[in-house]
C-alpha cells in the first residue's frame, strides 16, 4: 500500500461520496452534491490509497468563519486502519473558526475528544406524506436566475434573511441551488405581503425530505409542511427536527410521522445562537 494522498474531490468524485452515503443508508437527496459544491467547490475532501478513494469527508465553509462537517465515511474494506482519523485530523488542522456537525450518537464521545460540545439532539421523523389541501398562502419560490413568477421573486430577500437567521450565517450561493430543486419544490408562506416561513421538499433515494422548514410559528410551519407534503401524497417523507422544539415534534407526530433516527448537533468553537423555536426542520444532517 502506497502512502495515503489527501486532496479536494472533483465534482464526479463528490458524486461518489454521495453514493457512499446512500449505501450507508443516509438517504441523500438526488441533487444534493451540486448544491453543496455551489456553496463551496472544495467542500468535499478525500483520502486515497493506491489511487482509489478510501475515505470521504465534507467541510463546507461559509463567510463569517463557520464550517459544517458531513459525509465522513471510510470504505468498509479499509476500516480499522486509522485512515478515517488521518483525514479527520488533516481536515480539522486546516480549519479555523467554529465547526459544526450532526453526528451519530455512537460517535459523540469521539467527537468530544476533538473538542466538539453537544448543543442538542436532532430527531428524524418519517412516514407517509399525509393527504391534504395546499394552503393558498403558501406560494412557489422562483429564484431570480431561474425566472418565474414576479411576486415570488420579490420575496427572495426575505427568504434569504430568514435562512440567515435560522442557519446563523449567510449562504446565498447554496440557496441559489437549494431553492431550485430539480426534483422537488421550494415554497414560502406569505401573509400581508410578508414572508413568515419557507420550506423545501426534495426527492431522495427513498421518498422525500423536507428541509429546511423555517417558520415564525407552529401554524405557519404546519401550513408549509402540509402544502409541501401534498406534492407527494402517500409517498415516504422525512423531517429532521431539533429535539428542543416541542412544537416541531408535535407537528411531526400530528402528521403521522414517527422517530426513525437521531443525531447529536455539536460545535467546536463559539456555537451560533440559533432560534430553535423557528426551526421546524433543519436543512440536512450533512450541512446543518
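Residue numbers (this note's numbering): 26 to 313. A virtual CB, placed ideally from N, CA and C, is assigned to each residue, including glycine.
Apart from the 5 residues on each side of it in sequence, residue 191 sits with its Cβ closer than 8 Å to the Cβ of 237, 239, 299, 300, 303, 304 in its chain, given in chain order. DSSP lists no bridge partner for residue 180.
Counting the other CB atoms within 10 Å of its CB gives residue 311 a total of 16 or more, which places it among the buried residues. The beta carbon of residue 256 sits closer than 7 Å to those of 210, 226, all from its chain and outside the five residues before and after it, given in chain order.
In this structure, residue 123 lies near residue 295, with their beta-carbon atoms less than 8 Å apart.
In the structure shown, residue 277 adopts helical secondary structure according to DSSP, grouped into three states. The alpha-carbon separation between residue 194 and residue 307 amounts to approximately 14 Å. With fewer than 16 other beta carbons inside 10 angstroms of its own, residue 142 counts as exposed. The Cβ neighbour count for residue 202, taken over all protein chains shown within 10 Å, is at least 16; the residue is labelled buried. Taking C-beta atoms under 8 Å as the contact rule, residue 79 and residue 48 fail to qualify, at a distance of about 15 Å. The way I'd put it, the stretch 70-79 does touch the stretch 27-36; three or more beta-carbon pairs between them come closer than 8 Å.
Sixteen is the threshold: since fewer than 16 other Cβ atoms of the shown chains lie within 10 Å of the Cβ of residue 186, the residue is exposed. Contact fails between the stretch 89-108 and the stretch 216-233, because fewer than three Cβ pairs, one in each stretch, are under 8 Å apart. In the structure shown, the three-state DSSP call for residue 105 is coil.
In terms of Cβ geometry, residue 150 and residue 284 form a close pair [threshold 8 Å]. Going by C-alpha positions, residue 62 is about 12 Å away from residue 43. It is roughly 7 Å from the alpha-carbon of residue 313 to the alpha-carbon of residue 126. By alpha-carbon distance to residue 163, the top candidate from 309, 263, 111, 248 is 248. Contact annotation: residue 154 and residue 254 have beta-carbon atoms nearer than 8 Å. In the three-state DSSP reduction, residue 33 falls in the strand class (E or B). Exposure of residue 242 is indicated by the presence of fewer than 16 other C-beta atoms within 10 angstroms of its C-beta.
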